[in-house]
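Q: Each residue of the sequence shown is one higher than the one before, counting from 50 in the numbering used here.
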Amino acid sequence: MSSRRRWAAIAATAALTAGLLTHPGVSSAAPTAPAAGAAITVVPDETALVRFRLPDEAAFHALVASGADVATRPRTTTGQVLADVVVTPAELTALTARGAVPVQVVQTASDAARRLGEGRGTTRALAEDTLQFLQSYWWTSNGRTFLQTQVATTASDDPDVEITVTWTTADGTTGSYPLYRVEDAGEYQYHVQVPQRLPAKPVKVSATSSLGGQSRVITPTAWPGSTPPALPSGYQKDFVDAYMTPTDIKARIQRLGRQYRSLVDVVDLPNRTQGYRRTAAAYLGDPAAAAVVVESVKFGDQGLNGVQVRTVDPGRANRPLSATYRDRVLTISLATDAGGKVISTTDDVAAFISARYPQRFRAFVEDGSAGAPMPVTGPARLDDGLQGTEVTTKPWTVQALRIGAVRDGSKVGVLAYSQEHAREWATPLVTLEFAERLLANYATDPQTRELLDSVEVFVIPTVNPDGANYSFHDFNFQRKNLVNHCTGAARDPALRDSWGVDVNRNYTVGSFFDGYVGASANCLSGAYAGTAELSEAESGNVIALARANPNIKYSLNVHSYGGYFMWSPGSYKAAGRVTLPRPSIDESKYFQDSARRIVGAIAASRGTVTWPAYTGPVADVLYSAAGNSADQLYYELGITAWNFEVGNDLWNEDTQQWEGVGFQPPYDEAHAESQEYADGLIELVRIARDSSAATR
Ligand SMILES: [Zn+2]
């Protein structure tokens, strides 16, 4: 790049209007669609890297021949002739006069100087982009060394920039790998790559770009750089030995309450859930041909399972639609014409049933059967379709464990809650293991005693027991609760596995209802936000517990899977990707420092290291999750609120790949997750203890 010639100088002319260049990434138009009238300008004495659209290929060659400082020829799928040229204001004017259309200010010299900072030679040739390491961390896991890096380029609007990271170990071994570009909601974020397996600890890394950009050479930092205190001999752990259904969890809660009376209260949360229950439904007719769905208004277990429904031909002319309900059989006598021919349609029958028996049945036309002649059919048997025969159908009382030597709200409180999402089977194992370790070790371990003497711990092992029952017994990928807010044809029993509300999109802050991204109004969506904020018993319970106990200052929302450790903001609005307010610098540092303690505690169990690129605000490291619980706890109740995604990817040494573990891994993996993340939760209790000691 230093060989590049300065373009033929043209006498500097009067400054063009300034302003746009102060925020080039925001104000410059996209290369393929320059905003009408959005003039691209360069301030006096400034030099800028500007992307131009040229009239034709000949113009490009003329530009090169003239000695213009052409940085690159961006690839374009539309066949437009683009060129990125380093220009002064006068050069910009001259080029524009020759028919080149400036479409983007990629970067300015002052921009680069600011980012490079002090100590950088001003005589150095201008690179087309500047690279900055946002993260550069190394660690060892089970004897293997890994490196993860995040780099930002100032050429943030150029999707074709390629960035390569080069590492060097102490003995001079070197290697490199490419990063990939991360864009979110149309906004450039950074370039990143999954952790790379290295032969030894890296002592330096640097990055280069396809635009000629070069980062400073830096020394990677050890991650997470924190080790928990050693456990005393005789410390008791490993209290889970199988996946646990809500029934198992309830039994465990009762047992802990009895066994450790002086240390724990079992708290019934105020909102009972719907229960593991559904309305009973049947297809009246053949859904492949013509059918009406008949559904009970009450739940199937309330005496409606087994009710039969049929249509009959009255066998006489000029009969209206009519019905009888007798001995648990609903008989619909179809309408006939003057010739005695049946003339009822599916629409007629559905509307008739709903109007005639509003307290007992509702009916709708199966999708695709509208207007079809109603067949003589049945009897069909209404059923709720639930397979879990051993499960109580009663509304469920969700319970929390309140743990501590002093349980009067005078000690700082920590809340751990899990299984908002039904299918995340490993998560209650984490919180129950955590709870029982505290209880079992209090009598013998001075460290545990000190923690429970100074902190109150609240644990909700399963926030969403109804969905969990459905996940265990009916559809393992069930994420939501069992409340069906769908209407009309969306209530077709064929869609049963898509019903329910995403509990962790049903909270009040940064919600779908507030216009934030990452939840849906579609009742069949996996991220359905519900009918209103806190419309669901499950979400209401979490908030009720937090509100009732204002001493709670820390929380951890335990999900699976993927290996993330996250905090607020958890969502943004699409236009401009405007997140909920960012924590202050001090607060962000506290989040990050505490996170490293917790990540270090997890790593001490079996070497599982949560990636630095997966440690940060939800909206940045995962996705926007409108209306999630942690954001309400943080913004509304002032709680330092974190989120786990347990179940980190595992390194496969044979394939040299990271492999995901899933929602319901083989039990041995779930067990390992329960052990390591319980360690992480105990570190959170230490953090709470430390903070309350500091403020005493
Ligand atoms: Zn989840």
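All C-beta atoms, glycine included, are put in the ideal place defined by N, C-alpha and C.
May I ask you to list the residues that DSSP assigns as paired with PRO632?
A: In the DSSP output, where bridge partners are listed per residue, PRO632 has none listed.
Q: Counting only runs that start and end within the region 398-436, where is the beta strand (DSSP E) found for 3 or more residues in a row?
A: 410-414
Q: Would you mind listing the beta strand (DSSP E) stretches within the region 183-254 that are 3+ residues and don't spill past its ends, in chain order?
A: 193-202, 212-218, 223-227, 229-233, 236-241, 245-247
Q: For my contact list, VAL346 and GLN408 are in at a C-beta cut-off of 8 Å; report their separation, rounded to the angstrom.
A: The Cβ separation is near 6 Å, so the contact holds.
Q: Is SER275 helix, strand or coil by DSSP?
A: Coil, per DSSP.
Q: Could you check where the beta strand (DSSP E) with ASP386 kicks off and where it finishes?
A: ASP386 -> no beta strand (DSSP E), and no H or E assigned at all.
Q: Could you tell me the boundaries of the beta strand (DSSP E) in which PRO151 lies?
A: Segment 150-157, the beta strand (DSSP E) holding PRO151.
Q: In chain order, what residues of the same chain have a beta carbon less than 8 Å from the beta carbon of ASP432, not counting five sequence neighbours either side?
A: ALA329, ALA330, ALA331, GLY349, ASN354, GLY355
Q: Quick one, which of ALA399, LEU379, SER560 has its alpha-carbon nearest GLU415's?
A: Of the candidates ALA399, LEU379, SER560, the one whose C-alpha sits nearest the C-alpha of GLU415 is ALA399.
Q: How about GLU582 and VAL552: are their beta carbons less than 8 Å apart?
A: no
Q: Return the chain-ordered list of same chain residues with a C-beta closer than 6 Å to the C-beta of VAL474, the five sequence neighbours on each side being excluded.
A: What sits at residue 474 in the sequence shown is Trp, not Val. Contacts found: TYR292, GLN713.
Q: Provide the residue span of the beta strand (DSSP E) that contains TYR314, from first to last.
A: Note on identity: in this sequence residue 314 is Asp, with Tyr being the wrong assignment. Looking at the DSSP string, the run of the beta strand (DSSP E) that includes ASP314 is 313-317.
Q: For TYR603, is the classification buried or exposed, using 16 other Cβ atoms within 10 angstroms of its Cβ as the cut-off for buried?
A: buried
Q: Is ASN553 near ligand 1, in the sense that its beta carbon is under 7 Å from a heavy atom of that ligand?
A: yes
Q: Could you check if ALA67 is buried or exposed, using at least 16 other CB atoms within 10 Å of its CB as the buried criterion?
A: Low local confidence applies: a pLDDT of 25 at ALA67 is under 50, so the model's placement there is unreliable, with the coordinate-based value given in what follows. Exposed, since its Cβ has fewer than 16 Cβ neighbours within 10 Å.
Q: Going by DSSP, name the residue or residues bridged to THR360.
A: ILE381
Q: Only counting the same chain, and skipping five residues up and downstream in sequence, which positions put a Cβ closer than 8 Å to that of VAL391?
A: ASP362, LEU383, ALA384, THR385, PRO422, MET423, VAL425
Q: By the DSSP assignment, the beta strand (DSSP E) with GLY334 in it spans what residues?
A: 328-335
Q: Would you call PHE410 buried or exposed, if buried means 16 or more other Cβ atoms sit within 10 Å of its Cβ?
A: PHE410 comes out buried.
Q: Do SER741 and VAL461 have their CB atoms nearer than 8 Å?
A: Yes, the pair counts as a contact, with Cβ atoms nearer than the cut-off.
Q: What three-state label does DSSP hand ASN367 in the structure shown?
A: coil
Q: To which residues of the same chain is THR395 closer than 6 Å at the C-beta, ignoring the five residues directly before and after it?
A: ALA339, VAL341, VAL414, SER418, ALA421, MET423
Q: Smallest Cα separation from TRP445: which of LEU487, SER547, GLN527, GLY324?
A: GLY324
Q: Excluding five sequence neighbours on each side, which residues of the same chain lie with their C-beta closer than 6 Å to the C-beta of PRO281?
A: If we look at PRO281 and ignore the five residues flanking it on each side, its Cβ neighbours are ASP494.
Q: Let me make sure I understand the geometry here. Which of GLU702, GLN641, LEU544, ALA149 has the alpha-carbon closest to that of THR689?
A: GLN641
Q: Would you list, in sequence order, the uninterrupted beta strand (DSSP E) runs of no fewer than 3 residues that lie entirely inside the region 496-577?
A: 504-509
Q: Compute every distance between the C-beta of GLU585 and the non-hydrogen atoms of ligand 1, then say whether any falls below 7 Å.
A: no
Q: In the structure shown, what three-state DSSP assignment does PRO661 receive?
A: helix
Q: Only counting the same chain, and skipping five residues up and downstream in sequence, which positions put a Cβ closer than 8 Å to that of ASN555?
A: Answer for ASN555: ALA578, GLY579, GLU582, LEU583, SER584, GLU585, GLU587, SER588, GLY676, listed in chain order.
Q: Based on the DSSP output, what are the partners of LYS622 in its beta bridges?
A: VAL627
Q: Would a C-beta distance cut-off of 8 Å place SER620 and ASP680 closer than the cut-off?
A: yes
Q: Between GLU718 and ligand 1, is there a pair consisting of the residue's CB and a ligand heavy atom that are separated by less than 7 Å?
A: no
Q: Roughly how many angstroms lie between the CA atoms of VAL135 and ASP209, to the nearest whole one?
A: 18 Å
Q: Within the same chain, show all residues whose beta-carbon is closer than 7 Å to that of GLN705, passing over the 5 residues directly before and after it, in chain order.
A: ARG246
Q: Using the DSSP secondary-structure output, state which residues sit across from ALA97 in a beta bridge.
A: VAL136, THR157
Q: Put VAL734 into one of helix, strand or coil per three-state DSSP.
A: helix
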